Amino acid sequence: MSFPALVEPADELTIDEVRRYSRHLIIPDVGMTGQKRLKNAKVLVIGAGGLGSPALLYLAAAGVGTIGIAEFDEVDESNLQRQIIHGQSDVGKSKALSAKESIAEANPYVNVVLHEERLDNDNVLQVFEGYDLIVDGTDNFATRYMVNDAAYFLRIPYVWGSIYRFDGQASVFAPTLADDAPCYRCLYPEPPPPGMVPSCAEGGVLGVLCAAIGSIQVNEAIKLLAGIGEPLVGKLMIYDALEMEYRKLRVRKDPNCALCGDNPTVTGLIDYEAFCGAISEEAAEAAAGSTISVTQLEHMLKEREEGTRDFVLVDVREPNEYEINRIPGSVLIPKGDFLNGSALEKLPSDKQIVMHCKSGVRSAETLAIVKGAGYADAVHVGGGVVAWVNQIDPSQPSY
Ligand SMILES: [Zn+2]
């Protein structure tokens, strides 16, 4: 199904613009009118990270007249493996500013608007207002649901993408473009249980996957803005980089959708952090009063060395993470072994169990399991190995 163009054409292109966009202008489906529509378009990209990097560069090169960037973070060295809009000299700089500078180099005719604030319920509607289209490059569920709801309330279509390791997904959510077009909540009515789906920071992502999915998002954006082709409305694109396979699934509008269904229960912005839950209730309960700091752990490790204390320090991360950095004296038992029960056989019954992971989410989950198995004095390390490297041993690499 095709849709009318989202944007009216600009009055004209300058001679310089005609020269610059000539390879677009000679495509019959785009032509002068399509290019003028892009010039008149206002597109907001959420996040100048993995997906935002290629998306911003291609939107700019394509001649989208106004590009908004919603990003509050700074460039970190670990971003450069995939966030190609930033360079070595940008480390420590605001990502929004770094992206703006790269765009100016790619296409000086683009007007860039920076929104250097964390999107939340207080500002999201205001930031979105006035844009024709949104490209969502966020990496967490709370923001995704907020983007979906805010875009729906403001009747702004958006292009969604997600990436993890070798797998990517993309779709267009535009319930206001067609009566039968689904929203993100129609596809995913509920966020995954906390701790079940690791983020890219926890699980990793192949850098070039960002280009595959980010470019699909720009492709869909251009089609929607110019009114050409069949956008991924009501369709989910699934990409498997290892098998090199693209699949397209039909996504139907859910009449019971809490947002766009027949009897909506979400009629305004909600508490998205609570909806998605940083950690599960069981884990939060287990961690309450049983969380130690890395400084406390360092002290405990000294006492263990001196023989005045005994405990087992368990690292519940994956073996490849253990290769990157580790807390000395820890033993590796991945979280999966706790879920399938095999870990409990490996734990001594007469010693205190201290657990840690990368940042403290997974170890809170395993803490709940271990406490449930009778280890009442078990604790986990808040902030995990990230805090250990930052505060105790900066000589080790972080990831
Ligand atoms: Zn819906």
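Following this note's numbering, the numbering of the sequence shown begins with 868 at its first residue and continues without gaps.
Here a beta-carbon is modelled for each residue, glycine too, at the ideal position from N, C-alpha and C.
Quantities reported herein were computed from a predicted structural model and do not represent experimental measurements.
Check	Outcome
In terms of DSSP beta bridges, what is Asn978 paired with?	Thr933
Under 7 angstroms from any heavy atom of ligand 1, does the C-beta of Cys1053 make it?	yes
Closest to Met868 by C-alpha separation, out of Gly898, Ala1210, Gly1096, would be which residue?	Gly1096
What residues match up with Lys909 in a beta bridge as DSSP calls it?	Thr933
Do Lys1213 and Phe1232 come within 8 angstroms of each other at the CB atom, strictly closer than that value?	With the sequence shown as reference, residue 1232 is identified as Glu, and Phe is not the correct amino acid for it. Against a cut-off of 8 angstroms, the Cβ pair of Lys1213 and Glu1232 comes out as no contact.
So Glu972 is in the alpha helix (DSSP H); what residue range does that whole segment cover?	962-973
How would you call Asn1123, buried or exposed, if buried means at least 16 neighbouring beta carbons within 10 angstroms?	exposed
Quick check: does the Cβ of Pro1042 come within less than 7 angstroms of any heavy atom belonging to ligand 1?	yes
Quick check on Leu873: does DSSP put it in helix, strand or coil?	coil
Got a sec: does ligand 1 put a non-hydrogen atom nearer than 7 angstroms to the Cβ of Asp1121?	yes
Is Pro1058 near ligand 1 - that is, is its Cβ less than 7 angstroms away from at least one heavy atom of it?	no
Are there 16 or more other CB atoms within 10 angstroms of the CB of Thr881, so buried, or fewer, so exposed?	exposed
Looking only at C-alpha atoms, which of Ala1243, Val1237, Ser1230 sits nearest to Glu1069?	Ser1230
How would you write the range of the beta strand (DSSP E) that His1247 sits in, first residue to last?	1246-1248
Is the beta carbon of Leu911 within less than 7 angstroms of some heavy atom of ligand 1?	no
Is DSSP giving Leu1109 helix, strand or coil here?	coil
Is Gly1128 near ligand 1, in the sense that its beta carbon is under 7 angstroms from a heavy atom of that ligand?	yes
With Ala1154 as the anchor, note down where its alpha helix (DSSP H) starts and where it stops.	1148-1154
Opposite Thr1158 in the DSSP bridges: which residues?	His1247
So, helix, strand or coil for Tyr1019, using DSSP?	helix
Ligand 1 heavy atoms versus the CB of Pro1049: any closer than 7 angstroms?	yes
Pop quiz: Pro921 and Cys1077 are said to be a contact at Cβ under 8 angstroms. What is the actual Cβ separation, rounded to whole angstroms?	6 angstroms
Comparing alpha-carbon positions, which option in Lys962, Ser1029, Met1013 lies nearest Leu986?	Met1013
Is it the case that the Cβ atoms of Ala1088 and Val1026 are separated by a distance below 8 angstroms?	yes
Please specify which runs of the beta strand (DSSP E), each continuous and at least 3 residues long, are wholly inside the segment 988-1041, giving them in chain order.	1000-1003, 1025-1031, 1034-1040
Closer than 8 angstroms is the cut-off here; do at least three beta carbon pairs connect the segment 954-969 with the segment 999-1015?	no
According to DSSP, Lys1115 sits in a beta bridge with which residue or residues?	Met1104
Taking the alpha-carbon positions, what's the Lys1169 to Thr1158 distance?	18 angstroms
Return the first residue and the last residue of the beta strand (DSSP E) that Gln1219 is part of.	1219-1223
Can you tell me the Cα-Cα spacing of Gly1174 and Met1222, whole angstroms?	20 angstroms
Give a single yes or no on whether Cys1124 has its beta carbon closer than 7 angstroms to a heavy atom of ligand 1.	yes
Restricting to Cα atoms, I'd like to know which of Cys1143, Ser1226, Leu918 is closest to Asn1192.	Ser1226
Considering only the beta carbon of each residue, do Gly930 and Ala1093 sit closer than 8 angstroms?	no
Considering only residues of the same chain and omitting the five flanking positions on each side of Leu924, which have a CB-CB separation below 8 angstroms?	Ile951, Ile952, Ser969, Ile970, Ala973
I'd like to check one pair, Gly1071 with Gly1004: are the Cβ atoms closer than 8 angstroms?	no
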